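J.: One line per chain: the protein sequences are A and B, in this order. FYI, in the working numbering the residues of the first sequence are 193 to 423. FYI, in the working numbering the residues of the second sequence are 4 to 323. Ideal Cβ placement from N, Cα and C applies to all residues, glycine included. All values reported here derive from a predicted model rather than from experimental measurement.
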Amino acid sequence: MLPVQAPGVYAGGANVIAVLILLVEFGMFRQALLRDQVRLYASQSALIAVLAVLVGAVRHLPELYVLAAATVALKVVAIPLVLRRLLRETGPAGAPAAGADIAGSGGLGLASTVLIAIVVAAFGFFAAGALPISRSAAPVTALSVSLSVVLVAFVLMIQRQDVASQAIGLFSLENGISLAALVVAASLPLILEVALLFDLLLAVVVFGLLIRMHIGRAESLSTADLTSLRG
Amino acid sequence: MSILLPIPVVQLLQLVTIAGAAPGVSGVIARAEARLQGRRGPRVLQPYYDLAKLFRKEALAPEGASWVFLAAPVAAATCYLTVPLLIPVLTTYPLPLGYMGDILGGGFILALASFLVAVAALETGSPYAQLGASRAKTFAAITEPVVLFVVFTVALLTGTDLPYALAATVRSSAGQIIRPAHVLAAAALFMVILSETARIPVETHTGTNEFGMIEEARPFEHSGPYFALLRWGSAAKQLILYTILINVFVAPWGLAATRQAGAVLVAMIALPAKACVLGAVVAVIDSSFAKLRLFKITEFASAAFLLAVLGVFTLYLGGG
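#1: Note down, in chain order, each residue of its chain lying with its Cβ closer than 6 Å to the Cβ of residue 60 of chain B, except the 5 sequence neighbours on either side.
#2: To the nearest angstrom, report how far apart residue 17 of chain B and residue 229 of chain B are at their CA atoms.
#3: Counting beta carbon pairs with one atom in the region 20 to 31 of chain B and one in the region 106 to 114 of chain B, are three or more of them shorter than 8 Å?
#4: Assuming residue 233 of chain B and residue 79 of chain B are in contact, meaning their beta carbons sit under 8 Å apart, how far apart are those beta carbons, in whole angstroms?
#5: Is residue 103 of chain B near residue 89 of chain B, with beta carbons less than 8 Å apart?
#6: According to DSSP, is residue 161 of chain B helix, strand or coil?
#7: Using beta carbons (cut-off 8 Å, strictly below), is residue 306 of chain A in contact with chain B?
#8: State buried or exposed for residue 417 of chain A, treating a residue as buried only when at least 16 other CB atoms are found within 10 Å of its CB.
#9: Report the start-end ranges of each alpha helix (DSSP H) in the region 161 to 207 of chain B that is 4 residues or longer and not cut off at the edges.
#10: Round the Cβ separation of residue 311 of chain B and residue 189 of chain B to the nearest angstrom and send it over; I've been treating them as touching at under 8 Å.
#11: Going along chain A in order, which residues have a C-beta closer than 7 Å to the C-beta of residue 309 of chain B?
#12: Checking the sheet assignment: what are the DSSP bridge partners for residue 7 of chain B?
#13: If we cut at 8 Å on Cβ distances, does residue 367 of chain A have a partner in chain E?
#14: Counting along the chain, where does the alpha helix (DSSP H) carrying residue 413 of chain A start and finish?
#15: List, in chain order, every chain A residue whose beta-carbon is nearer than 7 Å to that of residue 160 of chain B.
#16: In chain order, what residues of the same chain lie with their CB nearer than 7 Å to the CB of residue 71 of chain B, ignoring the 5 residues before and after it?
#17: Going by DSSP, what residues sit across from residue 53 of chain B in a beta bridge?
#18: Could you tell me the alpha carbon to alpha carbon distance between residue 309 of chain B and residue 313 of chain A, rounded to whole angstroms?
#19: Using beta-carbon positions only, say whether residue 317 of chain B and residue 184 of chain B come within less than 8 Å of one another.
#20: Rounded to the nearest angstrom, how far is the Cβ of residue 95 of chain B from that of residue 260 of chain B, given a contact under 8 Å?
#21: The region 163 to 179 of chain B: which residues have C-beta closer than 9 Å to a C-beta of chain A, in chain order?
#22: Hey, is the region 300 to 308 of chain B in contact with the region 38 to 54 of chain B, meaning 3+ C-beta pairs nearer than 8 Å?
#23: Below 8 Å on the Cβ atoms is my guess for residue 216 of chain B versus residue 101 of chain B; work out the distance and round it to an integer in Å.
#24: What number of angstroms, rounded off, separates the C-alpha of residue 202 of chain A from the C-alpha of residue 182 of chain B?
#25: Comparing the C-beta of residue 305 of chain B with each C-beta of chain A, is any distance below 8 Å?
#26: Given that a residue counts as buried once 16 or more other Cβ atoms are within 10 Å of its Cβ, and exposed if not, what is residue 397 of chain A?
#27: Compute the Euclidean distance between the alpha carbons of residue 245 of chain B and residue 175 of chain B, then round it to the nearest angstrom.
#28: Helix, strand or coil for residue 1 of chain B, going by three-state DSSP, please let me know.
#29: Check residue 156 of chain B in the structure and name its three-state DSSP category.
#30: Anyone know if the C-beta pair for residue 306 of chain A and residue 363 of chain A falls short of 8 Å?
#31: Are there 16 or more other CB atoms within 10 angstroms of the CB of residue 322 of chain A, so buried, or fewer, so exposed?
#32: Count the CB pairs spanning the region 7 to 14 of chain B and the region 193 to 201 of chain B that are closer than 8 Å, and state whether there are at least three.
#33: Spatial neighbours of residue 223 of chain B within its chain, please: CB distance less than 7 Å, with the 5 preceding and 5 following residues excluded, ordered by chain position.
#34: Between residue 182 of chain B and chain A, is the shortest Cβ-Cβ distance under 8 Å, so that the two count as touching?
#35: What do you reckon, are the CB atoms on residue 241 of chain B and residue 28 of chain B nearer than 8 Å?
#36: Going by C-alpha to C-alpha distance, which of A:388, A:386, A:379 and A:412 sits closest to residue 252 of chain A?
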């Protein structure tokens, strides 16, 4: 059997960053405090920015530096700040504060969740591998990792039964899409990328309002009470 | 110096390096850990003094224990001294006995040693030794899939599973080091090593609390020279695992490329030095994390499994 060829330093570096983003997504399963989960989301977004700088430097696309700066400003600084503020202001009515404990909201044990997520990630890997993409056009590994990030974010949203984790799962899902956009279409017009970022900001505001309303009504982060609304 | 050493001598020096430096590396880790925690700590050479003292003491066996109890430490030590022949301890080129077994072969021999110690622990009838042996076997079974997937990664990277081949691949180019499969496999192996060498977050290495003990509880009933062999053996196992991580995965530099006495001597000094650096990292981890509860160890193992599986996945796609 022949050894698998090394992909070169640039592709290898991009792939390592992509895999780190996936690992952060897995790390979110473990977090028991909302504050820590927001912090993980910020670090995941910071990794996206690093990847944007790397791709921009290697492929000579200066607008990617602007994208990296916008990513840092929005996803690393603004969104975590907004999320924390929204959850802290839910205030005096006995509602949980920003350090809220979301540990018990998982439907399954950690080890079994991770195993399920590994299976789902494998599906993403091999689904992307089956696409007819030539290896010269894009780092295929990073693309398939981005698909896995999206799917694992779905697992997080399904498995956790609290509004905050579900919102963060959605935001990190968007990180997976940004990752795919970076490795497949790095030269996408900047205006589109920035429009996507502001779309995300809108989603954050909407989700923040939903979270506050939910906490105001149910006095907890858990969505378990919502099942009684079924007709 | 251009004295050429005969190949069998180089092979023998592999054993001498591992067996001779192993207690020293343990001593350095214990010292570093003590300094990090603001204590003065034992002398670096303390493990050697301990061994010398134990070898002078008389050996006792529990009533009813058969010859297996006394034979196991000797047999286990033999196993630990066999593995260094299979892995690149001093040289970049494969030595003749290196073809006796691949990574899996080395893993089998280490597992045999652990099995023998467990059988001896069962012979004693002491609850703590049996508890330790049972736990050690349980958690070894949980980390086994991780090791398998690391071996798969190595096999996909090199087309073979000889440790010498992977070390040569890693040395060949920077692209080989930065590829995700290699990074993930090395990280997963490091986590397995933490668990196998009884370090935080799986076990407190120097604790006296029997309820949290896994590996350390097994030789409770042994004494004298037999206990010394077990202590020496577990130090040697630690250095063997460090050597695999360092000389195969992380930093296969500083090895002798020829049979010249000077180069081999440099390699004999470089390996313990690199192992001490790795040991310092382990000491930092030891002092900055808490021990996991026994039933949380599966989560640690599942994290290592995640890394190893992702390594294999990335290899199947685009040559990660």
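T.: In short:
#1: 227
#2: 23 Å
#3: They do not touch, by the three-pair rule.
#4: Confirmed, Cβ separation roughly 7 Å.
#5: yes
#6: helix
#7: Interface residue, yes.
#8: exposed
#9: 166 to 175, 177 to 181 and 183 to 199
#10: So it is not a contact: roughly 10 Å between Cβ atoms.
#11: Within chain A, the residues near residue 309 of chain B are 218, 306 and 310.
#12: B:263
#13: In the displayed structure, chain E is absent; the protein chains listed are A and B.
#14: Careful: residue 413 of chain A lies outside any alpha helix (DSSP H) and carries neither H nor E.
#15: 195 and 196
#16: 122, 123 and 126
#17: Under DSSP, residue 53 of chain B forms no beta bridge with any residue.
#18: 10 Å
#19: With contacts defined by Cβ atoms closer than 8 Å, residue 317 of chain B and residue 184 of chain B form a contacting pair.
#20: 5 Å
#21: 163, 168, 172, 175, 176, 177, 178 and 179
#22: no
#23: About 35 Å separates the two Cβ atoms, so there is no contact after all.
#24: 9 Å
#25: True, the Cβ-Cβ gap to chain A drops below 8 Å.
#26: exposed
#27: 21 Å
#28: With chain B covering 4 to 323 only, the question about residue 1 of chain B has no answer from this structure.
#29: helix
#30: no
#31: Result: exposed.
#32: In this structure the region 7 to 14 of chain B does not lie against the region 193 to 201 of chain B, because fewer than three pairs of beta carbons, one per stretch, are closer than 8 Å.
#33: So the list reads 129, 131 and 132, once near-sequence residues are dropped.
#34: yes
#35: Going by beta carbons, residue 241 of chain B and residue 28 of chain B fall inside the 8 Å limit.
#36: A:379
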